Structure formats: C-alpha cells, structure tokens
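Protein chains in written order, with the working numbering: chain D, 1 to 217; chain V, 1001 to 1217.
The C-beta atom is built at its ideal place from N, Cα and C for all residues, glycine as well.
Here the structure is a predicted model, which is why all the values come from computation and not from measurement.
Heads up, the thing below is written out as structure tokens.
Protein chains: 2
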Amino acid sequence: MKAIIQRVMQASVTVDGEVINSIGKGLCVLVGITRKDKAGEMDYLAKKIVNIRLWDDEVNGKKWDKSVKDLGYEILCISQFTLALEMKGNKPDFHDAMNPEYSEPFYNDFLDLMRSMYKPEKVKGGVFGGYMQIHIQNDGPITIPLDTPSSLQDPNFLLKQERKQEAARKRDQRSKNNSESKNSDKKSSTVTSQEPPSEIQETSDSLKNVSLSQEET
Amino acid sequence: MKAIIQRVMQASVTVDGEVINSIGKGLCVLVGITRKDKAGEMDYLAKKIVNIRLWDDEVNGKKWDKSVKDLGYEILCISQFTLALEMKGNKPDFHDAMNPEYSEPFYNDFLDLMRSMYKPEKVKGGVFGGYMQIHIQNDGPITIPLDTPSSLQDPNFLLKQERKQEAARKRDQRSKNNSESKNSDKKSSTVTSQEPPSEIQETSDSLKNVSLSQEET
C-alpha cells in the first residue's frame, strides 16, 4: 500500500457538484492498493495514519508530537489507484494497482480498520472508483508519503510474525488457564471475556476474506 | 528529489490570509530536495513534470495522452521538505532533507529550469520555507508520486552520461567545422549560432553553482 498523507485545515469530496463528505482539521489520505497487499499491509498503514505525529504540542512547544488521535481530529481517506504507478517514458502505467473487484472491499475494510483503531465517526471516505473533486487545504504544507515496508511481504518475516503471535497466544492461554483454575466459581464471566469486542471480530473476519480473495487472483 | 504531483482544476498558496500565487487547470507539485540531489536529479524531474501525460485527448478519447505543456496549463510548485522523511516509530524524521541554505537556491533553479523548458509565466512557486496554506482542488483525484531514480547517483551511470555528452559534443563540433569550412564567407552568422539562447545558458550556469555548493556540504 502507498499513502500520501496531507495535514489539513479542512478537506472535502465533491461528486457532481455535491459535497458528499468533509472534515475539519486532520489528515487527508490518498491511498493506493497494490496487487501484493494483504492484511499485514492494511494493519501497518492504518496504525501509522492514526498515530503519526504531525502536530506540535501547543502546551510545551514540542515539535512533531501529537497525532490525529491525540487531538481528536478527523481523517478523510480517498482511494487513489494512481499511486501504484510505473513511468513508461512520460506515460504512467498502473498495472501494479489491485484489480477494482478486490481493491473495493480492501479499501472499505481499511476504513473500518481505522475506525476500529480510533472512532468510527472520525474516519470518512470517498466514492470508490468514482470521478471526484478533492478539495484539500494543506496546512504547512505538510505532506508525508508512506509506503508499507517490503519486509511485510517477506515470507521469513511473516513466518517470524506468525511464530511471535502463536507464542503470544500460548502465553495468553496459559495465564487464562491459570486464572480459570483459580476462579473456577466464576466460569461464565471468564468465557465471555474470551470473545473479542464484536467490532474487532468483524474486522478480522473481513481481513481474512481479503487475504483469501487475493490469493485467488 | 521526490515530488507529489496532483492534477488540479485550481490551486493557490496563501500566506497570512493573502493569496500570493494561484493557478487554474494544471499541476500542483510538492517537491522535496534531499542531501544527495544534484543537477541530474533537477533535470530529470523538471522534464517529467512538464511532459507527464495526465490528461486524456478530448478529440480521439485516448487515455493518459496529454501533458500540462501540450494543453497550455499551469504549474504551481511548492517546496516540501517533509517528503524526504524516514519514520522513527510514529515520528517523522527529516535528516535526509537538504539543508535550507542549499535547498533554497536549488528550488529556485528548479523553477527556472521548468520555466526554460516550458513558458516562464506558466510556472509559479510558493514562499521557500514559509508557513503556507496550499488550497488544492485535486481533479479525479489523480496523484503521482515521483522519485528521481537512484541510477542518477550511480557514478558509473554518471560517467556513461558524461561520455555520451562528450561524444555528442564532438559530433556537433565536427559537423559545425564541416559546415564552417563550406560556408567560410558566412562567418559572423556561424559564430552567433554557437551561442545557446541566453535563458538556457543562465540555467546551466546556475546548475553548476548548485553542484558546487552541494559538494561543499
């Protein structure tokens, strides 16, 4: 995935002369999805956007200290296939962009993932694949190009991550089992706490679907 | 160098509430200059911006066919040091950006170079290093991130380019000598034609200065 993040005073999306979404202070993010992208890329980029520190701390004057999340600002995230480009002389070529059939659900899942990491009402989108006018008031200007690292596509890296996650799951399970055996009279509440919040559960299900659908390509 | 090129219906730069420059249809270019950049990078990127084909041919419907130059549109080019970033966790770090002392003349030369490749009045800038609001109406949206290739910094590549240029110069000289010996009665006009147009001469002089000043860093 490739993102162009612009720090804005305001931004809006207009289709056929009608404003369909707008934000005040925050981030206008143009996001490009490539053929190789999977759940790891989505997760990496969503975290970075929500947490990247592009504002100063107004109290102590510390530079590059506050994120959109810290300040309660908004995110307008627009799908932008042209970011996955290769120049052929003076003509851009976009064969590396993910097929719209797969990139549309991927984009929607990406918005949902950012909403689950922040607040649903703070993250707005555009019209997937539509012709839009994006009004951007770039504040500074401050513009951050952010690509997901290629390490996310390295099988060894992924294997390591999986092993780490597996180890963490086992650790969790052991500590849970310990607490269960200590609190065997509180069984029902323990079972409930094993369920992740429904929002996160939904997101991780849809991430699985995206990974599957991409493998079919 | 790193550029973010946005195809726009209009764009403007505001400082302290006052619009200091604006364009209609064309390209809003945010440009980042890194410590390694020299005249080769400047030349490569200026050519790409002036000639990149981001509009369709309205007559025959051919996609990605016309450049800003083909259509007589405008360029608003703003200096943007944040493009030369490295993420340290969630905090951007800009140590790779060229020192302002050198990047300011570099940026001004870059604007002049695009003017010399197109038309002076069609290429506008911002305030170097100042706090600005950039109003961008991204049309599409169409956003193109463009980095200069690392091959431009490869000594072997540069040596090859120099040899090519040297060979071309010798060829030119030979053909000129031939035509001089044939037209020895038209001496004065031949001498004049050896001088490049003053605009190009100035640009190549300032390019030399930039290369020199960078070598001092």
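Candidates the options, of which the one nearest residue i by Cα
i	options	result
residue 1018/V	1117/V, 1172/V, 1134/V and 1054/V	1134/V
residue 1073/V	1066/V, 1025/V and 1053/V	1025/V
residue 50/D	35/D, 131/D and 116/D	116/D
residue 104/D	16/D, 81/D and 140/D	81/D
residue 140/D	1088/V, 1070/V and 1136/V	1136/V
residue 1128/V	1118/V, 1013/V and 1061/V	1013/V
residue 62/D	1178/V, 1091/V, 1125/V and 1057/V	1091/V
residue 119/D	177/D, 40/D and 71/D	71/D
residue 1040/V	1148/V, 1170/V and 1085/V	1148/V
residue 1044/V	1138/V, 1057/V, 1096/V and 1151/V	1151/V
residue 1042/V	1002/V, 1065/V, 1170/V and 1056/V	1002/V
residue 1022/V	1008/V, 1035/V and 1064/V	1008/V
residue 1016/V	1159/V, 1130/V, 1036/V and 1033/V	1130/V
residue 1088/V	83/D, 108/D, 106/D and 64/D	64/D
residue 122/D	179/D, 4/D, 160/D and 69/D	69/D
residue 86/D	165/D, 169/D, 159/D and 34/D	34/D
residue 107/D	20/D, 168/D and 38/D	38/D
residue 29/D	138/D, 179/D, 59/D and 66/D	138/D
N-terminal and C-terminal residue of the beta strand (DSSP E) that residue i is part of
i	result
residue 1011/V	1002 to 1015
residue 35/D	Segment: none, residue 35/D is in no beta strand (DSSP E) and carries neither H nor E.
residue 1138/V	1132 to 1147
residue 93/D	91 to 93
residue 1125/V	1123 to 1125
residue 151/D	That residue, residue 151/D, is in no beta strand (DSSP E); it is neither H nor E in DSSP.
residue 88/D	86 to 88
Whole-angstrom C-beta distance between residue j and residue i, which should lie under 8 Å
i	j	result
residue 1113/V	residue 1046/V	5 Å
residue 6/D	residue 143/D	5 Å
residue 1027/V	residue 1078/V	Incorrect: roughly 11 Å between the Cβ atoms, too far for contact.
residue 31/D	residue 110/D	7 Å
residue 1132/V	residue 1125/V	Wrong, their Cβ atoms sit about 11 Å apart, outside the cutoff.
residue 226/D	residue 36/D	This structure cannot settle anything about residue 226/D, because the visible part of chain D is limited to 1 through 217.
residue 20/D	residue 1004/V	At roughly 24 Å, the Cβ-Cβ gap does not stay under 8 Å, so residue 20/D and residue 1004/V are not in contact.
Run of the alpha helix (DSSP H) containing residue i, from where it starts to where it stops
i	result
residue 1101/V	1100 to 1117
For the segment 1074 to 1095 of chain V, enumerate the residues whose C-beta is nearer than 8 Å to any C-beta of chain C, in chain order. Any reference to chain C falls outside this structure, whose protein chains are D and V.
Where in the segment 1038 to 1083 of chain V do unbroken runs of the beta strand (DSSP E), each at least 3 residues long, occur, reported from the N-terminal end onward? 1053 to 1055 and 1074 to 1079
Between the segment 96 to 110 of chain D and the segment 52 to 63 of chain D, do three or more beta carbon pairs fall short of 8 Å? no
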